[in-house]
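Notes to accompany the following structure.
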Amino acid sequence: MSPLDSLLTCLRFASVSTDSAHAGEVRACADWLASFLRESGLATTIHPTAGHPIVVARNTHRAGRPTVLLYGHYDVQPADPLALWHSPPFEPRIENGILYARGATDNKGQLMAHANGLRQTMTAHGDLPVNLIALFEGEEEIGSPNLGPFLQSHRESLACDVIAISDTGMVAPGVPTFTYGLRGITCCEIEVTGPATDLHSGIFGGAVANPATELARLIAQLHDSEGRIRIDGFYDAVRPLEAWEREAWARLPLDDPEILRLTGSPALHGEAGFSSLERLWGRPTAEVNGLGGGYQGEGSKTVLPSRAFAKFSFRLVPDQNPDDLLPRIEAWLQHHLPATVKVTVHPGHSGQPYAMDPHSRFGRAAQAALRDTFNGRDPALIREGGSIPIVRSFKDILGADTLLLGLALPDCQAHAPNENFPLANFEAGQQLNRHLLEHLAAA
Ligand code: BES
Ligand code: ZN
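Heads up: the sequence shown begins at 3 in my numbering, then just goes up one per residue.
Written out as structure tokens, the structure reads:
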């Protein structure tokens, strides 16, 4: 099977982790991935969990070589809204050298680039230059609820010197990018309730508080006029940006006009005193991810809804801690609604932010591998706005740093309709895997 065929096969599994209706597809994808790794000459096990399976593969470990844990996720986000896809999300399509499918970039394209790199080295040499543990999970997109406990219970067999992941971005096509920090996240949903049932808005409107109005008022208070989040103590632990990173980011080929183009937004916006990249990579946020209540159908319906809800996510930066912040967030939401409505806060998943020293021994080796892969160009050193919560657990439980060697392009449409991955990046990822293991072996 050619590398491309293996990726196409992987993409045909609708391994949507959040939707229990897809559990069989997630399982089938894990089984297929395990056989791919086994056929590559790696000893491979599928570990069932309370949720989706974890696939672990390894070569024969020998003394005197570093142990590298290569992580990826084979689960994907839901494909909705389906109507906006130009072709079915789980029937991969190639057009002008670009592959379109859910998971093409996040994370199957990047994962299968590494898996194929491993297979090529195993075929050519019968072994890899390092002791390798490949760990691929099926729950990253839902916050990795079972992987942390798995790391704890398999601490000894997963002991390693360093971790490598391709699940982040490149600042522009052809620009090798080394990521040394990720934002953390904490999610919650709030439900605002008023009257016991929906009411006639003419008979009762004006004398009874409207939960949708009160929720809108609450959301409108979340930021001040400078774009700062008004929750008490929210910024206390935020690590200030360093001068070198502000300078380095200002020189990147990802400027405001490019961000406007990528997002299609009429104008940019954010916290006063920071550039767009600083807002994205180095500052925390509060976002409404979903909002609802009242009549959503065609035409009008004069109703005063009995409930309204909002789904929030807060992106966090070093050294903020979701465990400290969630109670503050809940308290703020509770206290800023009037007594005319009731509010319930349902906490969701969370993950810690991450930062490492890009100039560490393994950090430099990874940058050398990126340089070799991308025509000798020096890698951009960035942080990312997205979250991979397990990265901090790797540090806390296994004691190892994570090298984030992303291959996602800014316009990859991750989590959105028409997600895509250039075949050139798939090819680069296979080379990157080979260079990476060689440089890490020599580090
Ligand atoms: N690959 C992304 C994380 C990412 C995206 C890092 C862009 C850097 C740049 C990952 O699969 C993801 O989407 N993670 C979720 C985690 C969440 C569900 C806990 C995220 O960031 O929303
Ligand atoms: Zn994702």
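The beta-carbon is built from N, C-alpha and C at its ideal position, and this holds for glycine as well.
Which of helix, strand or coil does DSSP assign to PRO147?
Locating residue 147 in the sequence shown gives position 145, where the first residue counts as 1. PRO147: coil per DSSP, three-state reduction.
Confirm, please, whether the CB-CB distance from LEU318 to LEU153 is below 8 Å.
Reading the sequence shown from its first residue, position 151 is the one you call residue 153. Reading the sequence shown from its first residue, position 316 is the one you call residue 318. Cβ atoms of LEU153 and LEU318: not closer than 8 Å.
For LYS344, which residues in the same chain have their Cβ closer than 6 Å to its Cβ, ignoring the five residues on either side in sequence?
Here the question's residue 344 lines up with position 342 in the sequence shown. Excluding residues within five positions, the ones whose Cβ falls inside 6 Å are THR195.
My parser needs the alpha helix (DSSP H) runs of 4 or more residues fully inside the stretch 358 to 432; what are they?
With a minimum length of 4 residues, the continuous alpha helix (DSSP H) runs that stay inside the stretch 358 to 432 are 363 to 375 and 392 to 395.
For the beta strand (DSSP E) that SER303 lies in, which residues bound it at each end?
Residue numbering aside, residue 303 sits at position 301 when the sequence shown is read from its first letter. The question names Ser, but residue 303 is Lys in the sequence shown. Unbroken run through LYS303: none, as it is neither H nor E.
Under 8 Å between the Cβ atoms of ALA1 and ALA410?
Residue 1 cannot be examined here, being either before or after the span of the chain that is shown, 3 to 445.
Determine whether the beta carbon atoms of GLU27 and ALA16 lie at a separation below 8 Å.
Taking the sequence shown and counting its residues from 1, the one referred to as residue 27 is at position 25. Taking the sequence shown and counting its residues from 1, the one referred to as residue 16 is at position 14. For GLU27 and ALA16, yes; Cβs fall inside 8 Å.
List the endpoints of the continuous alpha helix (DSSP H) containing ARG60.
Here residue 60 refers to the residue found at position 58 when the sequence shown is read from its first residue. No alpha helix (DSSP H) holds ARG60; the beta strand (DSSP E) holding it covers 56 to 60.
Kindly give me the distance between the Cβ atoms of ALA115 and PHE428, rounded to whole angstroms, as I take these residues to be in contact under 8 Å.
Numbered from 1 along the sequence shown, position 113 holds the residue referred to as residue 115. Numbered from 1 along the sequence shown, position 426 holds the residue referred to as residue 428. Rounded, the Cβ-Cβ distance is 5 Å, consistent with contact.
Determine contact between the stretch 88 to 107 and the stretch 8 to 15, defined as no fewer than three beta-carbon pairs at a distance below 8 Å.
Yes: the two stretches touch, three or more of their Cβ pairs being nearer than 8 Å.
Could you name the residues whose beta carbon sits closer than 6 Å to any heavy atom belonging to the ligand ZN, keeping them in chain order?
Qualifying residues, in the order they occur: GLN79, ASP108, GLU143, ALA416 and HIS417.
Taking buried to mean at least 16 other C-beta atoms within 10 Å of its own C-beta, is GLY284 buried or exposed?
Along the sequence shown, read from residue 1 onward, the residue named residue 284 stands at position 282. GLY284 should be labelled buried.
Under 8 Å, with one C-beta from each stretch per pair, do the stretch 372 to 381 and the stretch 315 to 333 reach the 3-pair mark?
No: the two stretches stay apart, fewer than three of their Cβ pairs being nearer than 8 Å.
Along the chain, which unbroken stretches of the alpha helix (DSSP H) at least 4 residues long are found entirely within the stretch 315 to 359?
Runs of the alpha helix (DSSP H) inside the stretch 315 to 359: 324 to 337.
Cβ atoms of LEU439 and LEU407: under 8 Å apart, would you say?
Within the sequence shown, numbered from 1, the residue matching residue 407 stands at position 405. Within the sequence shown, numbered from 1, the residue matching residue 439 stands at position 437. Contact flag unset, no.
With 16 as the cutoff for other CB atoms within 10 Å, does ASP163 come out buried or exposed?
In the sequence shown, the residue the question calls residue 163 occupies position 161. It is buried - the Cβ of ASP163 has at least 16 other Cβ atoms within 10 Å.
Can you give, in chain order, each stretch of the beta strand (DSSP E) that sits fully within the stretch 42 to 129 and has at least 3 residues?
Those beta strand (DSSP E) runs which fall completely within the stretch 42 to 129 and span 3+ residues are 45 to 49, 56 to 60, 69 to 75, 95 to 97 and 100 to 102.
For the 8 Å Cβ check, are there 3 or more pairs between the stretch 305 to 322 and the stretch 186 to 201?
Touching, yes.
Over the uninterrupted alpha helix (DSSP H) stretch that includes LEU13, give me the two end residues.
Counted from its first residue, the sequence shown places residue 13 at position 11. Run containing LEU13: 5 to 13, per the alpha helix (DSSP H) assignment.
Along the chain, where does the beta strand (DSSP E) that runs through GLU273 open and close?
Residue numbering aside, residue 273 sits at position 271 when the sequence shown is read from its first letter. Looking at the DSSP string, GLU273 is not in any beta strand (DSSP E), and its letter there is neither H nor E.
Within its chain, find whatever has a CB closer than 8 Å to the CB of LEU44; leave out the 5 residues flanking it on each side and keep chain order.
In the sequence shown, residue 44 corresponds to position 42, counting from 1. So the qualifying residues of the chain are ALA59, ARG60, ASN61, LEU120, MET124, LEU134 and ALA136.
Between which two residues does the alpha helix (DSSP H) holding ILE233 run?
As a working note, residue 233 is residue 231 in the sequence shown. First-last for ILE233: undefined, no H or E at that position.
Between the Cα of LYS110 and those of LEU13, PRO68, LEU39 and ARG40, spot the shortest distance and give me the residue it belongs to.
Looking up residue 110 in the sequence shown gives position 108. It is LEU13.
Go to THR215, then tell me how far its alpha helix (DSSP H) extends in each direction, as first and last residue.
The count along the sequence shown starts at 1 and reaches residue 215 at position 213. Run containing THR215: 213 to 223, per the alpha helix (DSSP H) assignment.
Is PHE180 helix, strand or coil when you go by DSSP?
Numbered from 1 along the sequence shown, position 178 holds the residue referred to as residue 180. Three-state DSSP puts PHE180 in a strand.
Would you decide whether THR188 is buried or exposed? Buried here means 16 or more other CB atoms lie within 10 Å of its CB.
Mapped onto the sequence shown, residue 188 falls at position 186. Buried: at least 16 other Cβ atoms inside 10 Å.
Is GLU386 near the ligand BES, with its Cβ less than 7 Å from a heavy atom?
As a working note, residue 386 is residue 384 in the sequence shown. Flag set: Cβ of GLU386 near the ligand BES.
Assign GLY171 to buried or exposed, taking buried as 16 or more other Cβ atoms, counted over all protein chains shown, within 10 Å of its Cβ.
Within the sequence shown, residue 171 is the residue found at index 169, counting from 1. Its Cβ being crowded by 16 or more others within 10 Å, GLY171 is buried.
Check whether the Cβ of ILE261 sits closer than 7 Å to any heavy atom of the ligand BES, and report yes or no.
As a working mapping, residue 261 is identified with position 259 in the sequence shown. Result no, Cβ not under 7 Å from the ligand BES.
Going by the C-beta, is THR179 closer than 7 Å to any heavy atom of the ligand BES?
Counted from its first residue, the sequence shown places residue 179 at position 177. For the ligand BES, not one heavy atom lies less than 7 Å from the Cβ of THR179.
In terms of residue numbering, what span does the beta strand (DSSP E) encompassing GLU247 cover?
Here residue 247 refers to the residue found at position 245 when the sequence shown is read from its first residue. Segment 245 to 252 is the alpha helix (DSSP H) holding GLU247; no beta strand (DSSP E) there.
In three-state DSSP terms, what is HIS202?
Taking the first residue of the sequence shown as position 1, residue 202 is located at position 200. Strand at HIS202.
Of all the options ALA25, ASN291, ILE384 and LEU39, which has the alpha carbon lying nearest to the alpha carbon of PRO50?
As a position in the sequence shown, residue 50 is number 48, starting the count at 1. The residue with the shortest Cα to Cα distance from PRO50 is ALA25.
Determine, using beta carbons only, whether LEU184 and ILE392 come nearer to each other than 8 Å.
Counting from one through the sequence shown, the residue named residue 184 turns up at place 182. Counting from one through the sequence shown, the residue named residue 392 turns up at place 390. No, they are not a contact pair.
For the beta strand (DSSP E) that contains THR265, what are its first and last residues?
Locating residue 265 in the sequence shown gives position 263, where the first residue counts as 1. Looking at the DSSP string, THR265 is not in any beta strand (DSSP E); the run it does join, the alpha helix (DSSP H), is 258 to 265.
Which residue wins for smallest C-alpha separation from PHE76, given the options ASP33, ARG67, PRO178 and HIS441?
Counting from one through the sequence shown, the residue named residue 76 turns up at place 74. Residue identity differs from the one stated: residue 76 is Tyr in this sequence, not Phe. The shortest Cα separation from TYR76 among ASP33, ARG67, PRO178 and HIS441 belongs to ASP33.
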